[in-house]
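Laid out in structure tokens, this is it:
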């Protein structure tokens, strides 16, 4: 294991512009360098390299990181491989840290599972290509599907013979432990082969390692399922894996779109036909983890369905989850009786591409068409349709997108637009309340698990089971969203300038954190909260809060967030002074942290006070309904003081507070 201080040393030594210029040409723009992104197709450069921050970001496809991240994306290195490559290049000696027995055991287990899976893949491949039964049954099946030999080898296809324990005996004879064979699902508890008389599909993770298998039976057998899969293991979590991602990720970035199909053979057939930005859900509904995998590479997803109406209805029920992730979803319906594999063979690659481009329909409008045709003139069904559609629209985080969908759906349904706005807002509020309840439930569960006092639930005007007011005002910006923005701003300033001086005795980090330490465990956004708390811990240990520390953070979610926070779409141009354009009132960004931190702190406090005002207002409504007038007087006094604090903070910021309460 590479110690963290060595990781920091490697990443500080690695000049990102030198590493990236080995792969693409860059030209200077201001203090940065720009070039054409190697991860997606573009004509106008949006790939930016910052030598001063030692990071890169593509503003086209969103890929960002340090030198190690670039090598991981471009060369398919693992993180340790990228670090070792950089260490060798810059002459840094790596002294591996001794792992604890538990860490070593876990690492050894994972390594063993990968090694055994790779052994199994080679066994199935060898059986397919070098045995009579493999060639006559398995290989002939794949060739009948039109798969070329190089395609079969690329995807690691194979064959499991119809023998009781042929694989198990060979694996044990070659030194592999029976308990690990069983853990991977390759051997049953009775020491028999799990996969028998099936063609085999190898399932890879995003870095190309073999994590699981799927086996398809070739003979009709009412007692046996058509497909069987490996069980969940230490290295295989089905909800986070999409078949073909390893082979598709580069093309997904280049095309800025992911095509989703249902089956393994659909993926293989389309790849062989030159359509490589395609993955499969393996016949199951998309999970949050799988959506997250796609979103790493693109926000655009195109789902191809065959003509089975019942299957389509079942499949689209789960797609609201994709909308919730702020992704753009299109749906393509193939002609009756066709699947992607059969239709590609029938019409060829060019016609297939043209069809899925011209026939792609926005998911919301596709769903509306489907429900309208089903409802016909039935008013009861139409009422249900309205509810179904607005529930989907309400899941979309972007209010502008929601507004456009409402306008178009109102036109197509010949309904009053304001009615749809009102209905959508009901569900927007409902989802916000449910998310808050889920978050608080998790906080209580975590507290119980750690033996800490269980925090009381926050008072809310209505739970997710309660019908909201008939016509609530559309929320301009939910309080939680505002809080997230302020927390993000605090995290940004801490990472970018935490080690800069606030005054002669205090750093920016010390100033900010001393003013919010009483609520250091009460942030709304988990990731920004974690970053701010880590900054607080560094300050307590008398360590500097620096951008380099977070860029090289071992938690990749935190390092990715740090890189994103450090990138501004605007920059100071040295050319201004060349042409005698001076910033008389505005300091250069790197000198502006004091003013930035003060205004961010005021905004942060203002947001917290506004939320307290809102909570108190809800308490007042409840007390008024219950005629608890004595308690109302106390709350009103608190509310009056909160209003005063709110207005003082707003005056400091030059802000007009428009909220009521």
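In my numbering, the protein residues as written are 9 to 669.
Every residue, glycine too, gets a C-beta built ideally from N, C-alpha and C.
query, result
"Are the stretch 294 to 301 and the stretch 356 to 372 touching, with three or more C-beta to C-beta distances below 8 Å?", "no"
"Opposite residue 670 in the DSSP bridges: which residues?", "Absent from the model: residue 670. The displayed extent of the chain is 9 to 669, so no value can be given."
"Should the stretch 10 to 28 be called in touch with the stretch 82 to 99, which here means at least 3 C-beta pairs below 8 Å?", "yes"
"CA-CA distance, residue 353 and residue 63?", "45 Å"
"Checking the sheet assignment: what are the DSSP bridge partners for residue 399?", "In the DSSP output, where bridge partners are listed per residue, residue 399 has none listed."
"Is residue 641 buried or exposed, if buried means 16 or more other CB atoms sit within 10 Å of its CB?", "exposed"
"Could you compute how far the alpha carbon of residue 234 sits from the alpha carbon of residue 224?", "6 Å"
"Count the other C-beta atoms from every protein chain shown that fall within 10 angstroms of the C-beta of residue 644, then say buried if there are 16 or more, exposed otherwise.", "exposed"
"Buried or exposed, going by whether 16 or more other CB atoms sit within 10 Å of the CB of residue 88?", "exposed"
"Could you check if residue 150 is buried or exposed, using at least 16 other CB atoms within 10 Å of its CB as the buried criterion?", "buried"
"May I have the straight-line CA-CA distance separating residue 290 from residue 610, to the nearest angstrom?", "50 Å"
"Can you tell me which of 71, 541, 67 puts its alpha carbon nearest to the alpha carbon of residue 304?", "71"
"Mind checking whether residue 142 and residue 167 have CB atoms under 8 Å apart?", "yes"
"Provide the residue span of the alpha helix (DSSP H) that contains residue 200, from first to last.", "Neither: residue 200 is in no alpha helix (DSSP H) and is coded neither H nor E."
"Residue 249 and residue 121: beta carbons closer than 8 Å?", "no"
"Judging by CA-CA distance, which residue of 54, 389, 384, 45 is the nearest neighbour of residue 78?", "45"
"DSSP has residue 437 in a bridge; who is on the other side?", "According to DSSP, residue 437 bridges with nothing at all."
"Which one or two residues does DSSP pair with residue 73 in a beta bridge?", "64"
"I want to know whether the stretch 118 to 132 touches the stretch 210 to 225 - three or more CB-CB distances under 8 Å.", "yes"
"What are the boundary residues of the beta strand (DSSP E) that includes residue 564?", "That residue, residue 564, is in no beta strand (DSSP E); its alpha helix (DSSP H) goes 564 to 574."
"For residue 414, I'd like the list of residues in its chain whose CB is within less than 7 Å of its CB, leaving aside the five on either flank, ordered along the chain.", "401, 425, 428, 429, 432"
"Alpha carbon to alpha carbon, how far is residue 497 from residue 575?", "13 Å"
"Opposite residue 370 in the DSSP bridges: which residues?", "338"
"Once DSSP output is grouped into helix, strand and coil, what is the label at residue 614?", "helix"
"Spatial neighbours of residue 340 within its chain, please: CB distance less than 8 Å, with the 5 preceding and 5 following residues excluded, ordered by chain position.", "310, 311, 312, 313, 363, 364, 367, 368, 369"
"Which of helix, strand or coil does DSSP assign to residue 268?", "strand"
"Specify the secondary structure class of residue 43 as computed by DSSP and reduced to three states.", "strand"
"Tell me the rounded alpha-carbon separation between residue 30 and residue 24.", "10 Å"
"How would you label residue 436, buried or exposed, when you count the other beta carbons within 10 angstroms and need 16 or more for buried?", "buried"
"Short of 7 Å in beta carbon distance, which residues of its chain neighbour residue 509, apart from the five on each side in sequence? Order them along the chain.", "515"
"On the CB-based measure, 16 or more other CB atoms within 10 Å of its CB, does residue 387 come out buried or exposed?", "exposed"
"Could you tell me which of 550, 80, 547, 572 sits nearest to residue 559, measuring between CA atoms?", "572"
"Taking the straight line between their C-alpha atoms, what separation do you get for residue 153 and residue 282?", "16 Å"
"Hey, would you say residue 547 sits closer than 8 Å to residue 504, going by beta carbons?", "no"
"Who are the Cβ neighbours of residue 236 in its own chain at under 6 Å, not counting the five residues just before and after it?", "223"
"Since residue 532 and residue 495 are thought to touch, with beta carbons under 8 Å apart, how far apart are those beta carbons, to the nearest angstrom?", "7 Å"
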